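Chemist: Positions in the sequence shown are counted from 1; adding 18 to them yields this note's numbering.
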Amino acid sequence: MTKTPRELAFLRDLYITDDWTKRFTELANEHVKFGDAENLLYINAGTGTHCFEIRERVDDNTAVFALCEDEHLLAIAQDKAVAVSSDVDFSTMHFEDDAFDAVITDASLVPPSDIDETLRESSRVARIGADISVLTVTAGSFGEIFSLLWEVLLNEDLGEHGAVAEKMISDLPSVSRLEDLAAKAGYVNIHTHTSNEVFEYEDGAALISSPLVADLFMPQWLESLSEDEVNNVLEKLGKLIDSERGSMSFRFSVKATLLTGEKS
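#1: Keeping to the same chain, check which residues put their C-beta closer than 7 angstroms to that of L91; ignore five residues upstream and five downstream.
#2: What do you reckon, are the CB atoms on V251 and L171 nearer than 8 angstroms?
#3: Which whole runs of the beta strand (DSSP E) in the segment 94-161 are 3 residues long or more, in chain order?
#4: Excluding the 5 residues flanking S140 on each side, which residues of the same chain have their C-beta closer than 7 angstroms to its C-beta?
#5: Nearest to E184 by CA position, among N214, K254, A157, D260, is which residue?
#6: Buried or exposed: A181, going by 16 or more other Cβ atoms within 10 Å of its Cβ?
#7: If you count every other CB in all the chains shown that lies within 10 Å of the CB of P229, and 16 or more means buried, which is it?
#8: In the DSSP assignment, what residue or residues form a beta bridge with K281?
#9: Quick check: T210 and L190, are their CB atoms within less than 8 angstroms of each other?
#10: For G256, which residues from the same chain have a beta carbon less than 7 angstroms from its beta carbon, with the 5 sequence-adjacent residues on both sides left out?
#11: Quick one: any contact between the segment 41-53 and the segment 271-281, if contact means 3 or more CB pairs under 8 angstroms?
#12: So if DSSP puts N214 in a beta bridge, which residue, or which two residues, is it bridged to?
#13: Take every Cβ of the segment 126-140, pair it with every Cβ of the segment 102-109, and state whether three or more of those distances are shorter than 8 angstroms.
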């Protein structure tokens, strides 16, 4: 059953932040330094968990602003800010061009087709010389799922005979492609860091019932299918995993990638 935006916001806070987002933000914590930035913008802040971590890391005089993806995520983030007495300024507002000394963007849940726009938006709000950091997924991710999805779609005569699964694979940008897009968006001194993250599930049923897969990724990957068709694909995928893996757990890997640069 398709979740409402409000339900997705609560799932994001309760499950996705720890299960998914943390893998990416740890990469940022390892490599991103904010120096003497007077202000900082966090794009796609979710429910704010990483923003609070950054607030603790930066100078007290650095103003931290955060853009949430929708009003439901915003409400949770603002409530959490009150609970922890944080001065992070959460909103869904549109910021002016050239407004921030540093920008960090969590694009780990952004559809691959939108990554170019995300890179450009991150650059737009940054001042010339500002540090920009973008977290995203790159090619080589989800291969274990995509290969099985291709088989299910082919067997069920859905998704243009598996072409949908092939598009999932081809849409993910390579690291070099990501760097090229950043350069075209006005980034200089570009660097990337990638971590191979493994996600493990007890069996097929655990995978297809997980909020990460069932509520976030499958609706995105299978957007051309009806809700009934998506549910059918999920059921068949779970059974295929169990028939192939037996009593073994199922794992898939993701290339968590951090791109950093400066606005030229």
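Beta carbons are placed, not taken as given, at the ideal position from N, Cα and C, and that holds for glycine. Source: prediction; values computed, not measured.
Modeler: Taking the coordinates as given:
#1: A27, R30, G64, T65
#2: yes
#3: The segment 94-161 contains these whole beta strand (DSSP E) runs: 107-109, 118-124, 144-156.
#4: Answer for S140: I61, V121, T123, I150, V152, listed in chain order.
#5: A157
#6: exposed
#7: buried
#8: Y205
#9: no
#10: G222, A223, L225, I226
#11: yes
#12: K273
#13: no
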